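In my numbering, the protein residues as written are 12 to 84. We treat Cβ as the ideally placed atom computed from N, Cα and C, and that holds for glycine. All figures in this text were calculated on a predicted structure; none of them were measured in a lab.
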């Protein structure tokens, strides 16, 4: 009646939890806008596409990208 998790899956879940705990403090440094831009970057959008979607100049997005890189190391 219980649940069974294979050792491989158990290891994966533990490692994933450790990664999240290590990464989460980094994302807390980002502003709401920077997180939004990071998600759009993750969707493979270019700087110009992001700028158009957010109604700002591409230079503004470049600056946000620079700040994101600095904050996340």
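Do the CB positions of residue i and residue j come within less than 8 Å of each other?
i	j	result
residue 48	residue 38	no
residue 76	residue 57	no
residue 32	residue 82	no
With residue i as the anchor, note down where its alpha helix (DSSP H) starts and where it stops.
i	result
residue 53	43 to 53
residue 58	58 to 65
residue 78	69 to 83
Taking 7 Å as the cut-off, does the CB of residue i come closer than this to any heavy atom belonging to the ligand NAD?
i	result
residue 13	Ligands in the displayed structure: none, and consequently the ligand NAD is not present.
Please return the same chain residues whose Cβ sits closer than 7 Å to the Cβ of residue i, not counting the five positions on each side in sequence.
i	result
residue 61	48, 51, 72
residue 69	58, 59, 62
Quick one: residues in its chain with C-beta nearer than 8 Å to the C-beta of residue i, no 5 flanking neighbours on either side, listed in chain order?
i	result
residue 24	16
Grab me the residues of residue i's own chain with a C-beta within less than 6 Å of its C-beta, minus the 5 sequence neighbours each way, in chain order.
i	result
residue 66	none
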